[in-house]
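**Q**
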Amino acid sequence: MNAVGRGSISARARDNIDWPLLVAVMLIALVGVVNLYSATSVSKKALTELYMTQVYYLVAGGIAASLAAAIDYRHFERLAYIIYGSGILLLLLVFILGRDIHGAARWIDIGGKNGGFRFQPSEFMKIVLALALAKYLHDDPKLPIGPGGGGRTLKDLIVPAVLAGIPFALVAKQPDLGTALILAGIFVSVMALGKMRWKSLVSLIAGLSAFSYLAWNYILHDYQKRRISSFLNPELDIRGANWHSHHARVAIGNGGFFGTGFMKGTQNHYLFIPEQHSDFPFPVFAEDWGFVGGVVMVCLYTFVVLWGLRIASQAKDRFGAALAVGISAMIFWHSFFNIGMVTGVLPVVGVPLPLFSYGGSSVMTVLIGIGLLMNVSMRRYTFG
Amino acid sequence: MSLLGQRPDVGEFRKRYKWMALTVVLLMGVLIVKLAMLQIVRHAENAAIAHENIVHRVTLATARGVIRDRNGVILAASRESWNVYVVPARLDLEKTWPRLAEVLGLGPVERAATEKRLRDARDADLAALKANPKHHIRESIVREDVSRDVIGSLETHKAELSAVNWISVPMRYYPAKELAFHLLGYVNEVGKEDLDKEKAETEKKDPASALQPGDRIGRSGVEKAWEAYLRGQRGWKKVVLDARGNRRTQKEDLAQLDQPIEQSPIPGRDVRLTVDADLVASARRAFGGQLAGSVVVVEVKTGRILALYSKPGVDPNDFVAGLSQKQAEGILANPLHPLVDKTMYEAYFPGSTMKPFSALAALEANTITEKSHETCEHVYTLGKTRFKCEGFHGQISLHDAIVRSCNVYFFRLGQKTDIDPLAAMAAQFGLGLRTGIGINHEVPGLVPTKAWYNQHYGGQYRLGFALNAAIGQGNTKVTVLQLALAYAALGNGGTLWSPQVVRSIETPEAASESGAIEMDFPPKPKRKIVMSTEHLRMVTEAMHGVVNEPGGTAYRERSAKIDVAGKTGTAQVSKVTQKSGIDPKSIWYFNRDHAWFAGFAPYDDPEVAIVVLVEHGGGGGQNAAPIAMRVLEDYFTKIKPSHEAKPSAKATLDAKQAPNKPPRKQP
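Residue numbers (the numbering used here), protein chains in the order written: chain A, -14 to 369; chain G, 221 to 887.
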C-alpha cells in the first residue's frame, strides 16, 4: 500500500501528490491565462497587462496552496473555529475600511494607495466556511446515523445555519449576491452529507420560500432584482442587465463548433463582451475555441469537482471528507454559476470562473482550496 | 501519529457521494447542452447577429450635377458641408452629450429640443431591438452644415465623443444668389409627401437611388425640370463599428466586411444652359431702381435663351438651408410676388408691342397697304365707344403709325381686318400659347378670337373688341417669353423657334473641358410663319424707325453703338383700389402702366431679340427702352466679344434630342 512506510508525515505525503488534480488545475490555470491574454488584448493599455499580473497571482497562489497542502489538515481542524472567527472579523472590517467598487464595498486595502495590497475577505470566507462546517460535522455526535436513524431535525440545523448565516448576511449586505450564493451553495452541499427528516426538509423549503419573498421585497438591491427579473423575462431590458448576457450568448454562438480561432473572436474584439476579464472570460474562450473548447473546459471543471468528491470519499476522517466536499462544492458552484450565467441558463450573478477570471483574491482562494484538497488527498493513507 | 486515533467514520457517506457526483454530472451536462444549442443548433443565427453587431452600412452621398451657363460659369454647384450624427442607442446622454452640445455650441433651447429627440430615438431603437435583436440601430442627425472649425474641435475631442460621427455632405449653393433664381430654381429637403409619392411610383426602383429623409430635390426651375439628371445615385459602404459606436478602420477590421463592401455613388450629370450669366447680370444692372419686371433675351437664329431675368428674386441659398417662418412669411406677403417668374408665369397686356403683328395680319388680309393712310384726331369713336390715342397724329401711314405708335391707325386697322385674322397671325407667332420651354409653370396668356368672345361674352362679340385687340389691350395677354420668341421670328425672317434653355447634358468630368457631352440639344424650329417677306420688310423697317427716326417712340433712347429695331409699349393695368389689400401708400405705384420694349439687333443681320417689361414702369419709351439698349450694348460691346476671344461653348449640333422637355428616361 504505502511504499515509503512510516517516516515523517511530509515525506510520505510528498510521494502521494495527487497528480491528476494537480495536472487538471494547472491546465485550467494555463488556459485561463492564455484566454485572459486574448480577452484583454482588445482593451485599453491598462488592461492588456492583466494576464501577467494573473501569472503573479497564480505563483503566489501556488505558494499559498503548497503551504495549505503541507500543514497537516488536522491542525486546521483544531483551529477551525478560530480561523472562522478571524474571517468574520475581517468581513466586519470591510464595512469600516471597504473600498467601493461598482456600488459594492468588498475590498480591504493594506498599505498605501499605490503599490499597496488589497483583498476581498468575502472570497476567503468561502474556505473559512468550508473549514468551520467540516469542523462542526466532525464533532457532531449525531453522526453517523445508522440504518433506520431518523436524520436531522430543524433543531439540529441551527448551529451550522448560524455558522453559514453570519458570513452570508455580511456578504449579502456588502452587497455581493454572487459570493453569498456560493456560501449558501457550500452550506447546502456540506450539510447534504447528513440525512434530514422529511418533515424537517419540507418545513425548511417552506421557510426558505417565505424568506425569498421577504428578501425580494426588503433585502435585495434594485440592480440585483433587475438581473433576476431580466433572466426570468429576457425581453424585458435588453439594453440594461440583459445586454450583457445577450452579447455573451451571441459571442458564444458566434464561435460555432470549432471557434473563430485564438484572438479572432469578433464580439470580443469589438468590445461586445462586457467585463471580459472578470465575469465574462468564458464567452471570449467559447468564441475563440468554439463548442470543442467549451466542452473541454466544462469537462475539466467537472473532473476537478468529481475528483474532489473522490478525495472526500477516500479521506481518513470525517473532517477531511467534509472539507473536501466543501471545497469541491465551492469550485462546482463557481463554475456552474459562471458558465450558467454567460450561456443564459442562469441569471447574471457576479461570480468569477475559477482560475479563468482575473483577480488576486479569487485566484488565491481557489488555489488555497485546491491545496486543502491536495492536503486531504495526500494524507488519505497516513493515519490508518 | 493519529491525533484522535482510529475513527469509525471513514467512508460513512459513500452513498451520498454518488448522489453528489450524479448531480454534478447532470448540472454540468445542462451547460454542455446549452453550449450545443448556442454553438451548433443556433450558430448561424448567432453568427448573423454577431456580424450585424459590427458591420453597418453608411450611405455615400452623391454629388448633384453642376449647372453652368453657356460659357461654363457655375450657377449651381455643391460645396462641402459637414453634418454631425450620433448613434442614439449608444450615446451616453449623461457624459458625452453635454460635451458634444458644448463643442457644437448649441443654445439652451436647441439643446433641450435635440436632447429630447435623441432620447426618443434611442427609446424607439431599443424598443425595436427588444422586439427583434437583428434590428439595425440608426444614426440620428444632430446638426447640419457645421463649420470646419467645429469639425476641427470634434476631431480634437474624438476620444471623449463615443458614438458621435461626422460626415461631409455636399450642400447645394448658388453663387449668383438671387440673380437666376427663377431660371435655376432651388432644392430643398424632401417632405413626407415626396417620399410617399415616390414610394407609390417606384416600387421596383433600386433603393440606393430612392429618396431618403434628408435628401434635397429640385423644387422649381432647371433644378426641378432636370432633377432626374442632376440628382445622381447615392452609394453605400460597409463600415465596422464597435460596441461603443466608434468606427474601426484598421486592416483587420476591414477584413470583417463581406462582399460587396461598397457601391460607389454615381454623380449627377452636369447641365449646361444656353443662358449667359453675364447677360443676366447686365439685365439686373440695367433694371436699376425699377422694382419689378423681367427681361428675356433670345438668339434670333436658334431660339436659345440668352437671358431670363425676373425681378424681384429670392436668394435660392435660403431655401436650401430651409426658410425660417419669418423669411417665408416675408416672401409670401411681398406685393411684388418674388416667387412668380415674370417671364412666363404672368401674362400681361402687350400694349403697342402687339402692333407689328396686327400690321402683318392686316397686310396679309389686304385690308391695308403700305401706301394707305388714316387720320388721327386723338379720339376714334365706334358706335358709342370712344377709343383714345396717346397723340394727335393727323394723316398717318402704316410706317409712321408704328414709328410713333398711333392707336387710331390701328383702331381703323382692327375695324377693317376684324379680330380673327389678327388672332390667327398672333397665334402663328406663338402668342397666347405656351412656348413649351420645359422649366417652371407657364401660363398661356390669351389671344382672343370671335369664337372666344361669343363663348365668354354670351354670344355678344362686338367689333370694338377687334379695335382693342389691334393695340394689344382688351383681353389680349402674352408672356414676356412668348413676345421675345415672336420678335425673334420678326428678326429672322419668319421662323418661330422653340425656346431652349438647356444646351447639353455633360458628364461631371466635362468640367475639365475634356469630358464628354452626353446629350446635346440642337435648336428646334416650331414653324415657318406664312407671310410675305415684303410685308415683313415693311414692318421691320418701321420698327427700325421706332428707334432711329426722330419722332420714334424710342428715338431718344437709341444706342449710339448698336443698330436696334423694336417697338415700345405702354400697357394699361387693371386698376387696384383700397379694397385689394395693398398698402394705400403704394396704390399709386400699382396703378401705373406697365412699360414694354421689344426688339432685335443688329438691324441688318439680327442676332438677338430682347423683350423688357417694367411692371408699373410707366411709358415704354422712357422706361423700358433704355434698359433694353443698355443690355444690348453690354452684349455686343462687352459680353459677346469677350466670349468670342475665348470660346468655351463646345456643344455640337449633331444630337437628335428635343431641346425642351427633359427626356423621360434616365440613360
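Backbone N, C-alpha and C define an ideal beta-carbon position, used for all residues, glycine too.
1) Can you name the start and end residues of the alpha helix (DSSP H) that valine 187/A belongs to?
2) Find out if the Cβ-Cβ distance for the pair valine 851/G, serine 484/G is shorter than 7 Å.
3) Using the C-alpha atoms, what's the distance from leucine 256/A back to isoleucine 312/A?
4) Using DSSP's beta-bridge definition, name the partner residues of phenylalanine 817/G.
5) By the three-class DSSP mapping on this structure, what secondary structure does proline 745/G have?
6) Considering Cα atoms alone, identify which of Pro822/G, His613/G, Ile481/G, Phe685/G is closest to asparagine 712/G.
7) Would you be able to state if there are at least three C-beta pairs under 8 Å between the segment 277 to 288 of chain A and the segment 300 to 312 of chain A?
8) Within the continuous beta strand (DSSP E) that includes valine 793/G, where are the two ends?
9) Express the C-alpha separation of alanine 268/G and proline 308/G in angstroms, rounding to a whole number.
10) With 16 other CB atoms within 10 Å as the buried threshold, where does glycine 244/A fall?
11) Valine 327/A CB to nearest chain G CB: under 7 Å?
12) Could you tell me whether any Cβ in chain B is nearer than 7 Å to the Cβ of glutamine 252/A?
13) Output needed in chain order: residues of the segment 294 to 309 of chain A with a Cβ under 7 Å from some Cβ in chain G.
14) On a Cα-Cα basis, can you pick out the residue from Lys858/G, Lys238/G, Phe685/G, Glu272/G that is closest to leucine 477/G?
15) Ignoring anything shorter than 4 residues or poking outside the segment 682 to 744 of chain G, list the alpha helix (DSSP H) runs there in chain order.
16) Under 7 Å, Cβ to Cβ, is there at least one residue of chain G near glycine 345/A?
17) Closest Cβ-Cβ distance between isoleucine 252/G and chain A: below 7 Å?
18) I need the boundaries of the beta strand (DSSP E) containing histidine 276/G, first residue and last residue.
19) Can a CB atom of chain G be found closer than 7 Å to the CB of leucine 256/A?
20) Would you list the one or two residues that DSSP bridges to tyrosine 393/G?
21) As a quick exercise: from Lys458/G, Gly411/G, Asp462/G, Val459/G, pick the residue whose alpha carbon is nearest that of isoleucine 437/G.
22) Count the other CB atoms, across all protein chains shown, that sit within 10 Å of the CB of asparagine 586/G; report buried if there are 16 or more and exposed otherwise.
23) How many whole angstroms separate the CB atoms of valine 10/A and valine 40/A, which I take to be in contact at a CB cut-off of 8 Å?
24) When we look at the beta-carbon of leucine 190/G and count the other beta-carbons within 10 Å, is it buried (16 or more) or exposed?
25) Within 7 Å of any Cβ in chain G, is that where the Cβ of arginine 364/A sits?
26) Kindly give me the distance between the Cβ atoms of methionine 359/A and aspartate 3/A, rounded to whole angstroms, as I take these residues to be in contact under 8 Å.
27) How about glutamine 470/G: is its C-beta nearer than 7 Å to some C-beta of chain A?
28) Check the DSSP bridge columns for leucine 602/G and list the partner residues they point to.
29) Could you tell me whether any Cβ in chain A is nearer than 7 Å to the Cβ of glycine 260/G?
30) For the segment 616 to 636 of chain G and the segment 671 to 678 of chain G, state whether three or more C-beta atom pairs, one from each stretch, are separated by less than 8 Å.
31) Who are the near neighbours of serine 188/A in its chain, counting only those whose CB is closer than 7 Å to its CB and skipping five residues on each side?
32) Please confirm whether methionine 257/G and leucine 294/A have their CB atoms less than 7 Å apart.
33) Could you tell me how far apart the beta carbons of glutamate 241/A and histidine 263/G are, in whole angstroms, since I believe they sit closer than 8 Å?
34) Pull up the CB-CB distance for glycine 840/G and glutamine 510/G, whole angstroms please, since I reckon it's below 8 Å.
35) Just to check my reading of the structure: lysine 457/G and isoleucine 481/G have Cβ atoms closer than 8 Å, yes? What is that Cβ distance to the nearest angstrom?
36) Run down chain G in chain order and give the residues with a C-beta less than 9 Å from the C-beta of alanine 49/A.
**A** With the given structure in hand:
1) Counted from its first residue, the first sequence places residue 187/A at position 202. Where valine 187/A is concerned, the enclosing alpha helix (DSSP H) stretches over 183 to 199.
2) Taking the first residue of the second sequence as 1, we reach residue 851/G at position 631. Taking the first residue of the second sequence as 1, we reach residue 484/G at position 264. Cβ distance not < 7 Å, so valine 851/G and serine 484/G don't count as in contact.
3) Translated into positions along the first sequence, residue 312/A becomes position 327. Translated into positions along the first sequence, residue 256/A becomes position 271. Each residue's Cα considered, the two are about 34 Å apart.
4) The residue you call residue 817/G lines up with position 597 of the second sequence. For phenylalanine 817/G, which the question treats as bridged, DSSP gives the partners Thr788/G, Val832/G.
5) Along the second sequence, one-based indexing puts residue 745/G at 525. Here proline 745/G sits in strand by DSSP.
6) Against the second sequence, residue 712/G aligns to sequence position 492. Among Pro822/G, His613/G, Ile481/G, Phe685/G, the Cα nearest to that of asparagine 712/G belongs to Pro822/G.
7) Verdict: no, contact absent.
8) Position 573 of the second sequence, counting from 1, holds the residue named residue 793/G. First-last for valine 793/G: undefined, no H or E at that position.
9) By 1-based counting over the second sequence, the position of residue 308/G is 88. By 1-based counting over the second sequence, the position of residue 268/G is 48. Annotation: proline 308/G to alanine 268/G spans about 23 Å, alpha carbon to alpha carbon.
10) What you label residue 244/A is simply residue 259 of the first sequence in a count that begins at 1. Result: buried.
11) Counting from one through the first sequence, the residue named residue 327/A turns up at place 342. It does not: the Cβ of valine 327/A has no partner Cβ on chain G nearer than 7 Å.
12) No chain B appears in this structure, whose protein chains are A and G.
13) Leu294, Ala297, Ser298, Lys301, Asp302, Arg303, Ala306
14) As a working mapping, residue 477/G is identified with position 257 in the second sequence. Of Lys858/G, Lys238/G, Phe685/G, Glu272/G, the residue nearest in Cα terms is Glu272/G.
15) 683 to 690, 700 to 711
16) Taking the first sequence and counting its residues from 1, the one referred to as residue 345/A is at position 360. Chain G, which has no Cβ nearer than 7 Å to the Cβ of glycine 345/A, makes this no.
17) As a working note, residue 252/G is residue 32 in the second sequence. Yes, its Cβ sits closer than 7 Å to a Cβ of chain A.
18) Position 56 of the second sequence, counted from the start, is the residue given in the question as residue 276/G. Where histidine 276/G is concerned, the enclosing beta strand (DSSP E) stretches over 275 to 280.
19) Numbered from its first residue, the first sequence carries residue 256/A at position 271. Yes, leucine 256/A lies at the interface with chain G (some Cβ there is under 7 Å from its Cβ).
20) Taking the first residue of the second sequence as position 1, residue 393/G is located at position 173. Under DSSP, tyrosine 393/G shares a beta bridge with Ala297/G.
21) Here residue 437/G corresponds to residue number 217 of the second sequence, with the count starting at 1. Among Lys458/G, Gly411/G, Asp462/G, Val459/G, the Cα nearest to that of isoleucine 437/G belongs to Gly411/G.
22) The count along the second sequence starts at 1 and reaches residue 586/G at position 366. Counting Cβ neighbours within 10 Å, asparagine 586/G comes out exposed, since fewer than 16 surround it.
23) Sequence index remark: in the first sequence, residue 10/A carries index 25 (1-based). Sequence index remark: in the first sequence, residue 40/A carries index 55 (1-based). Contact flag wrong, Cβ pair sits at about 15 Å.
24) Limits of chain G in this structure are 221 at one end and 887 at the other, which puts residue 190/G out of reach.
25) Reading the first sequence from its first residue, position 379 is the one you call residue 364/A. Not one chain G Cβ lies under 7 Å of arginine 364/A.
26) Working through the first sequence from its first residue, we reach residue 359/A at position 374. Working through the first sequence from its first residue, we reach residue 3/A at position 18. Correct: roughly 6 Å between the Cβ atoms.
27) In the second sequence, the residue the question calls residue 470/G occupies position 250. Output row for glutamine 470/G: interface = no.
28) Sequence index remark: in the second sequence, residue 602/G carries index 382 (1-based). In the DSSP output, where bridge partners are listed per residue, leucine 602/G has Thr605/G.
29) In the second sequence, residue 260/G corresponds to position 40, counting from 1. Before going on, a small fix: residue 260/G reads as isoleucine here, not glycine. Closer than 7 Å to some Cβ of chain A, the Cβ of isoleucine 260/G qualifies, so yes.
30) no
31) Sequence index remark: in the first sequence, residue 188/A carries index 203 (1-based). Contacts found: Leu139.
32) As a position in the second sequence, residue 257/G is number 37, starting the count at 1. As a position in the first sequence, residue 294/A is number 309, starting the count at 1. Cβ atoms of methionine 257/G and leucine 294/A: not closer than 7 Å.
33) The sequence position of residue 241/A within the first sequence is 256, counting from 1. The sequence position of residue 263/G within the second sequence is 43, counting from 1. According to the sequence displayed, residue 241/A carries glycine and not glutamate. Confirmed, Cβ separation roughly 4 Å.
34) Taking the second sequence and counting its residues from 1, the one referred to as residue 840/G is at position 620. Taking the second sequence and counting its residues from 1, the one referred to as residue 510/G is at position 290. Not confirmed; about 13 Å, so no contact.
35) Counting from one through the second sequence, the residue named residue 457/G turns up at place 237. Counting from one through the second sequence, the residue named residue 481/G turns up at place 261. For lysine 457/G against isoleucine 481/G, the beta-carbon gap comes to about 7 Å, under 8 Å, which counts as contact.
36) Counting from 1 along the first sequence, the entry for residue 49/A is found at position 64. Under the 9 Å cutoff, chain G gives no residues; its nearest Cβ is about 24 Å from alanine 49/A.
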